[in-house]
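*Asks:* Residue numbers (the UniProt record's numbering), protein chains in the order written: chain A, 1 to 168; chain B, 1 to 168; chain C, 1 to 168; chain D, 1 to 168; chain E, 1 to 168; chain F, 1 to 168.
Just so it is clear, CB atoms sit at the ideal spot from N, CA and C, and this is done for glycine as well.
Number of protein chains: 6
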Amino acid sequence: MQEKINSNSLSHLNESGDAQMVDVSDKQKTRRQAIATGKIIMSAPTLTTIEAGNAPKGDVLGTAKIAGIMAAKQTANLIPLCHPLPIHKIEVEITPNYDLPGYEIKATVAIKAETGVEMEALTAVSITALTLYDMAKALEKSMEITEIRLLSKTGGKSGDYYGVEKSS
Amino acid sequence: MQEKINSNSLSHLNESGDAQMVDVSDKQKTRRQAIATGKIIMSAPTLTTIEAGNAPKGDVLGTAKIAGIMAAKQTANLIPLCHPLPIHKIEVEITPNYDLPGYEIKATVAIKAETGVEMEALTAVSITALTLYDMAKALEKSMEITEIRLLSKTGGKSGDYYGVEKSS
Amino acid sequence: MQEKINSNSLSHLNESGDAQMVDVSDKQKTRRQAIATGKIIMSAPTLTTIEAGNAPKGDVLGTAKIAGIMAAKQTANLIPLCHPLPIHKIEVEITPNYDLPGYEIKATVAIKAETGVEMEALTAVSITALTLYDMAKALEKSMEITEIRLLSKTGGKSGDYYGVEKSS
Amino acid sequence: MQEKINSNSLSHLNESGDAQMVDVSDKQKTRRQAIATGKIIMSAPTLTTIEAGNAPKGDVLGTAKIAGIMAAKQTANLIPLCHPLPIHKIEVEITPNYDLPGYEIKATVAIKAETGVEMEALTAVSITALTLYDMAKALEKSMEITEIRLLSKTGGKSGDYYGVEKSS
Amino acid sequence: MQEKINSNSLSHLNESGDAQMVDVSDKQKTRRQAIATGKIIMSAPTLTTIEAGNAPKGDVLGTAKIAGIMAAKQTANLIPLCHPLPIHKIEVEITPNYDLPGYEIKATVAIKAETGVEMEALTAVSITALTLYDMAKALEKSMEITEIRLLSKTGGKSGDYYGVEKSS
Amino acid sequence: MQEKINSNSLSHLNESGDAQMVDVSDKQKTRRQAIATGKIIMSAPTLTTIEAGNAPKGDVLGTAKIAGIMAAKQTANLIPLCHPLPIHKIEVEITPNYDLPGYEIKATVAIKAETGVEMEALTAVSITALTLYDMAKALEKSMEITEIRLLSKTGGKSGDYYGVEKSS
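(1) How would you label residue 52(E), buried or exposed, when you count the other beta carbons within 10 angstroms and need 16 or more for buried?
(2) Give a yes or no on whether 9 angstroms exceeds the smallest Cβ distance from residue 88(A) to chain F.
(3) At a Cβ threshold of 9 angstroms, is residue 160(C) touching chain E?
(4) Going by other Cβ atoms of all chains shown within 10 Å of its Cβ, with 16 needed for buried, is residue 159(F) buried or exposed?
(5) Nearest chain D C-beta to residue 134(B) closer than 9 angstroms, yes or no?
(6) Step through the CB atoms of chain E and report whether any lies within less than 9 angstroms of the CB of residue 58(A).
(7) What do you get for residue 20(F), buried or exposed, if any count of 16 or more other CB atoms within 10 angstroms of its CB means buried?
(8) Mind checking residue 99(D): buried by the 16 CB within 10 Å criterion, or exposed?
(9) In the DSSP assignment, the alpha helix (DSSP H) including residue 114(D) goes from what residue to what residue?
(10) So, does the segment 29-43 of chain C touch the segment 147-162 of chain C, judging by three or more C-beta pairs under 8 angstroms?
(11) Can you give me the C-alpha to C-alpha distance between residue 139(A) and residue 76(E), rounded to a whole angstrom?
(12) What is the C-beta distance between residue 88(F) and residue 111(F), in whole angstroms, given that I count them as a contact (C-beta under 8 angstroms)?
(13) Determine the chain E residues that contact residue 20(B) at a beta-carbon separation under 8 angstroms, and present them in chain order.
(14) Considering only residues of the same chain and omitting the five flanking positions on each side of residue 122(B), which have a CB-CB separation below 7 angstroms?
(15) Mind checking which residues open and close the alpha helix (DSSP H) that includes residue 65(B)?
(16) Given a cut-off of 9 angstroms on the beta-carbon distance, is the pair residue 38(C) and residue 141(D) in contact?
(17) Any contact of the segment 101-110 of chain F with the segment 102-109 of chain E, i.e. 3+ C-beta pairs under 8 angstroms?
(18) Counting only beta-carbon separations shorter than 9 angstroms, does residue 140(D) have a partner in chain F?
(19) How is residue 13(E) classed by DSSP in three states: helix, strand or coil?
(20) According to the neighbour-count rule (16 or more other Cβ atoms, all chains shown, within 10 Å of its Cβ), is residue 74(E) buried or exposed?
(21) For residue 135(B), collect the residues of the same chain with a Cβ closer than 6 angstroms to its Cβ; drop the 5 residues on either side in sequence, then sort them by chain order.
(22) Quick check on residue 47(A): does DSSP put it in helix, strand or coil?
(23) So residue 73(B) contacts chain C; which residues on that side make the cut at Cβ distance below 7 angstroms?
(24) Within a Cβ cutoff of 6 angstroms, which residues of the same chain sit near residue 46(C), ignoring the five residues on either side of it in sequence?
(25) Going by the C-beta, is residue 117(D) closer than 8 angstroms to any heavy atom of the ligand FMN?
(26) Would you mind reading off the limits of the alpha helix (DSSP H) that contains residue 36(C)?
(27) What do you get for residue 72(A), buried or exposed, if any count of 16 or more other CB atoms within 10 angstroms of its CB means buried?
(28) Could I get the ranges of all uninterrupted alpha helix (DSSP H) runs contained in the segment 82-150 of chain A, with 4 residues as the minimum, in chain order?
(29) With a threshold of 9 angstroms between beta-carbons, can residue 149(B) be considered close to chain A, or not?
(30) Under 9 angstroms between the Cβ atoms of residue 130(A) and residue 85(B)?
(31) Label residue 26(C) either buried or exposed according to how many other C-beta atoms from any shown protein chain fall within 10 Å of its C-beta, with 16 as the threshold for buried.
(32) Select from the segment 103-115 of chain A all residues with a C-beta closer than 7 angstroms to any C-beta belonging to chain F, and list them in chain order.
(33) Give me the residue from 115(B), 127(B), 116(B), 114(B) with the minimum Cα distance to residue 106(B).
(34) Pull up the CB-CB distance for residue 143(B) and residue 40(B), whole angstroms please, since I reckon it's below 8 angstroms.
(35) Once the 5 residues before and after residue 114(A) are set aside, which same chain residues still bring their CB inside 6 angstroms of it?
(36) Pull up the distance between the alpha-carbon of residue 157(D) and that of residue 68(F), whole angstroms please.
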């Protein structure tokens with residue numbers, strides 16, 4: 001973990017403690033990328049059914065990916081103090097993992113802008129997972145969405161950040 | 001866990017495997033409620049700073065709660081096959097837990113309608129957690145959103161569902 | 001003014017003081033209507049130019065009216081604790097008043113639902129006024145939006161409400 | 001008031017009088033800021049109750065501020081001919097004024113872009129006021145939103161603008 | 001064509017010619033369904049590439065279908081005088097037609113409500129077609145979206161409507 | 001037709017066939033413009049009634065134009081893999097054509113950005129047409145939206161494109 005702590009306060013609060021959307025108009029436009037990951041854990045039969053159901057038409061995983069991509073574009077409308085950003089790239093990957101059992105989700109978001117896209121990547125992962133839940137909830141309601149975190153963040157003045165890999 | 005498996009297929013796919021928003025126009029309008037929970041785990045200093053920073057104005061937790069409530073109303077715009085619903089109640093609670101350390105989040109959503117509000121409750125929890133992440137990410141990027149799941153679902157023909165309590 | 005004070009607390013806060021979207025699922029579905037009014041004050045030349053510019057194509061007032069109608073449908077996405085509602089009627093009227101000088105705006109919203117549409121009517125008036133401002137701001141930036149208030153509210157258990165007419 | 005009248009027509013209408021979103025692609029990207037203000041007038045007991053109710057948790061004013069910030073980001077979706085803009089800063093302040101009695105609202109919006117953010121600041125003030133109305137309307141329906149206007153606008157080719165201070 | 005002309009005026013205009021969202025609060029809640037169709041015409045090689053590209057993962061047609069379903073839910077936010085409706089069913093079908101060459105699109109929308117869902121079905125078809133255009137436009141920009149029309153409308157007081165089949 | 005085929009694959013699919021929003025962060029910011037056209041065909045009496053009804057207030061065509069302009073700004077929220085863009089200009093023209101009979105619609109969209117605005121222009125045309133349909137559907141349900149296509153696209157590395165004029 002190489003994160004430089006560049007602040008010891010909550011940056012969305014001003015000096016009187018009020019929430020605000022902080023000024024980034026003087027920051028440099030640089031290429032910034034963020035990668036977030038997450039998991040959805042389910043029973044083995046649920047995973048098997050999705051994988052089987054997915055085979056002929058691809059609608060389950062395809063729908064979840066599209067939902068994640070579209071949600072990344074809604075981030076600033078969902079997270080109150082996020083800056084609206086003309087995002088330049090969004091990619092969502094969903095990988096079945098029979099050991100969980102469940103799916104591993106990974107979202108990569110990039111932009112050339114004054115501020116980063118961590119929240120966009122994390123939002124894409126979250127909504128992708130929620131969509132998988134929605135599409136399988138008739139089979140199993142006890143699925144769990146878990147380990148949503150930032151894998152890496154590159155570009156920008158505050159330095160690059162790489163999360164510690166966890167042995168799952 | 002008292003879930004009645006009322007389907008052995010993925011209900012959002014039609015018989016040819018295509019995604020669709022299923023017809024609920026013949027279902028009964030009954031009062032339905034869903035409760036979802038989740039956690040965000042952070043370092044002890046981050047939790048302490050949020051709690052302290054929160055004291056004078058209440059903006060951190062208040063902002064996260066409002067974000068969760070507003071997101072619940074956006075569920076059908078985020079989850080592709082969810083039905084748009086005139087939701088009747090949304091409540092979000094955030095509780096600090098120094099043992100995690102972090103916050104426990106709980107969302108309760110209710111409606112009198114033809115279909116349930118599980119996805120609305122899960123979405124409220126997810127966006128509340130993401131907003132907490134956003135507001136504290138200058139302090140710590142390694143926070144993790146975890147254990148998002150359905151605690152209970154009542155009302156509706158498919159029967160009530162209660163998730164198993166986990167000893168955290 | 002016949003308003004029955006049916007509460008002595010802020011209804012959007014629960015007993016611990018937290019914001020919430022209150023439960024209306026047990027309330028009766030009745031026809032409810034709200035009328036809100038407001039004004040935008042400008043210089044006489046600005047009013048004359050809008051009225052003249054409006055003559056051939058009707059785009060200025062027409063655009064402002066459409067903006068107000070569409071905004072009423074966004075109310076629950078703008079006002080955090082408002083219930084999303086399938087609104088049944090929205091009408092916006094804009095009347096030039098050379099004595100102000102400026103425009104008087106009136107919005108009427110109706111629904112058959114568990115809760116009222118005051119906020120929808122007030123939002124329609126506000127966005128109609130803002131759109132008029134936007135369309136005339138190259139002429140005059142000192143326009144003022146003023147006296148936005150609820151004229152009446154009928155239907156629903158808490159009783160009808162009629163605002164006092166002001167001699168403007 | 002130092003406004004340079006740089007146009008004698010309604011800029012959102014083309015030469016045939018049709019509404020359009022005017023071309024700003026050739027304009028210079030400069031830092032632009034707009035400040036708007038407004039008021040909500042209520043009875044003294046309503047103000048006292050909000051201030052008291054606000055004390056323990058801060059949810060009333062906090063919620064209204066968040067609503068204003070989020071609404072500023074929706075401006076181009078609400079005002080038909082506004083340009084969508086990746087806003088760089090939004091701040092909303094709410095100050096109780098026992099002489100009104102009521103609240104004074106002030107929104108500051110900034111961006112480095114081809115066009116200004118007056119409408120964003122005015123929209124933030126309007127929705128903040130509407131949210132205050134919504135949260136206190138169980139106490140009093142006769143509150144009035146008033147004096148919404150542009151306090152200043154700086155940056156951009158058309159020159160700076162400062163509204164005349166009114167003695168309230 | 002069995003359409004009963006139940007009006008000889010433009011129903012979205014009031015008696016003074018102003019646009020409004022008409023009052024439907026007194027209408028009966030009945031089950032209503034609308035089916036709309038449309039086509040996108042392209043060159044044979046483009047069709048072949050999409051069909052081939054679609055084979056392994058299903059993302060092209062799947063993405064277009066999801067876009068159509070989600071757009072149907074946005075209808076009242078896009079068409080100014082449409083009523084917001086809690087839609088009960090949306091299904092989109094896309095069929096390749098080598099004789100066009102291109103795709104035939106069909107959307108079915110149903111609801112139990114006071115007003116119909118023709119615009120929702122037509123919007124679903126339109127956005128599905130636009131998404132197909134978007135996904136293939138690197139191959140061919142001369143694709144054409146055509147013959148978007150209402151195939152049938154059932155339920156509601158104004159009587160059922162069936163469009164005349166065209167021999168294409 | 002001067003289109004340079006600069007790709008022989010579906011650019012929204014990655015090498016494994018998954019849908020993605022492609023990276024444009026390295027592309028040059030240049031001024032780009034797209035013009036799209038389309039038609040709505042109706043019976044002669046419907047056209048006559050709209051034109052007559054339109055005379056006093058201009059609300060029918062004005063409303064449809066505003067809908068098209070506002071929809072262009074929603075393009076990235078409707079078309080899943082479109083990049084969100086701070087659009088710089090949108091203009092919609094609607095011309096009655098008694099030979100169709102019906103209306104011809106033309107949308108011009110411009111931006112200085114890393115990617116083009118074809119989808120924005122096509123979306124503006126589509127929603128303008130749908131709004132005309134909505135406003136006249138009480139008169140005639142058999143109207144048809146047709147010949148939506150790209151007339152021209154200029155700016156950007158892939159070269160300019162001009163569609164072939166059709167003799168209608």
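*Replies:* In short:
(1) Numbered from 1 along the fifth sequence, position 52 holds the residue referred to as residue 52(E). Exposed: under 16 other Cβ atoms inside 10 Å.
(2) For the purposes of this step, residue 88(A) is taken as residue 88 along the first sequence, with counting starting at 1. It does: the Cβ of residue 88(A) has a partner Cβ on chain F nearer than 9 angstroms.
(3) Your numbering for residue 160(C) matches position 160 in the third sequence. Not an interface residue.
(4) For this step, residue 159(F) is matched to residue 159 along the sixth sequence. Flag for residue 159(F) reads exposed.
(5) To locate residue 134(B), count along the second sequence from 1; it is residue 134. No, no contact with chain D.
(6) In the first sequence, counting from the first residue as 1, residue 58(A) sits at position 58. Here the model assigns residue 58(A) a pLDDT of 46, short of 50, so the residue's position is not dependable, and the following value carries that caveat. Interface residue, yes.
(7) The sequence position of residue 20(F) within the sixth sequence is 20, counting from 1. Buried, by the Cβ-count rule.
(8) One-based indexing of the fourth sequence puts residue 99(D) at position 99. Under this definition residue 99(D) is an exposed residue.
(9) To locate residue 114(D), count along the fourth sequence from 1; it is residue 114. No alpha helix (DSSP H) holds residue 114(D); DSSP gives it neither H nor E.
(10) yes
(11) Counting from 1 along the first sequence, the entry for residue 139(A) is found at position 139. Counting from 1 along the fifth sequence, the entry for residue 76(E) is found at position 76. If I take the Cα positions, the gap works out to 33 angstroms.
(12) In the sixth sequence, residue 88(F) corresponds to position 88, counting from 1. In the sixth sequence, residue 111(F) corresponds to position 111, counting from 1. With a Cβ gap of about 5 angstroms, residue 88(F) and residue 111(F) count as contacting.
(13) In the second sequence, residue 20(B) corresponds to position 20, counting from 1. 69, 89, 90, 91, 92, listed in chain order.
(14) Here residue 122(B) is taken as the residue at index 122 of the second sequence, counted from 1. Correct list, in chain order: 36, 148, 150.
(15) For the purposes of this step, residue 65(B) is taken as residue 65 along the second sequence, with counting starting at 1. Residues 59-72.
(16) Working through the third sequence from its first residue, we reach residue 38(C) at position 38. Working through the fourth sequence from its first residue, we reach residue 141(D) at position 141. Contact flag unset, no.
(17) no
(18) Taking the first residue of the fourth sequence as position 1, residue 140(D) is located at position 140. By this cut-off, residue 140(D) is not an interface position.
(19) Position 13 of the fifth sequence, counted from the first residue, corresponds to residue 13(E). It is a strand residue.
(20) Translated into the one-based positions of the fifth sequence, residue 74(E) becomes position 74. Result: buried.
(21) Locating residue 135(B) in the second sequence gives position 135, counting from the first residue. For residue 135(B), where only same-chain residues beyond five positions count, the Cβ hits under 6 angstroms are 60.
(22) To locate residue 47(A), count along the first sequence from 1; it is residue 47. If DSSP states are grouped into helix, strand and coil, residue 47(A) belongs with the helices.
(23) Position 73 of the second sequence, counted from the start, is the residue given in the question as residue 73(B). 76, 77, 84, listed in chain order.
(24) As a working mapping, residue 46(C) is identified with position 46 in the third sequence. Result list for residue 46(C): 136, 139, 140, in chain order.
(25) Judged by which ligands are present, the structure shown has none, so any question about the ligand FMN falls away.
(26) The residue labelled residue 36(C) in the question sits at position 36 within the third sequence. Premise fails: residue 36(C) lies in the beta strand (DSSP E), 30-41, not in any alpha helix (DSSP H).
(27) Taking the first sequence and counting its residues from 1, the one referred to as residue 72(A) is at position 72. Classification of residue 72(A): buried, given that the 10 Å Cβ count is 16 or more.
(28) 118-136
(29) In the second sequence, residue 149(B) corresponds to position 149, counting from 1. Yes - at least one Cβ of chain A is within 9 angstroms of the one on residue 149(B).
(30) Your numbering for residue 130(A) matches position 130 in the first sequence. Your numbering for residue 85(B) matches position 85 in the second sequence. For residue 130(A) and residue 85(B), no; Cβs fall outside 9 angstroms.
(31) Within the third sequence, residue 26(C) is the residue found at index 26, counting from 1. Label assigned to residue 26(C): exposed.
(32) 110, 111, 112
(33) The residue you call residue 106(B) lines up with position 106 of the second sequence. The shortest Cα separation from residue 106(B) among 115(B), 127(B), 116(B), 114(B) belongs to 127(B).
(34) Locating residue 143(B) in the second sequence gives position 143, counting from the first residue. Locating residue 40(B) in the second sequence gives position 40, counting from the first residue. Confirmed, about 6 angstroms.
(35) Taking the first sequence and counting its residues from 1, the one referred to as residue 114(A) is at position 114. Correct list, in chain order: 24, 27, 29.
(36) Position 157 of the fourth sequence holds residue 157(D). Position 68 of the sixth sequence holds residue 68(F). Their Cα atoms are separated by approximately 29 angstroms.
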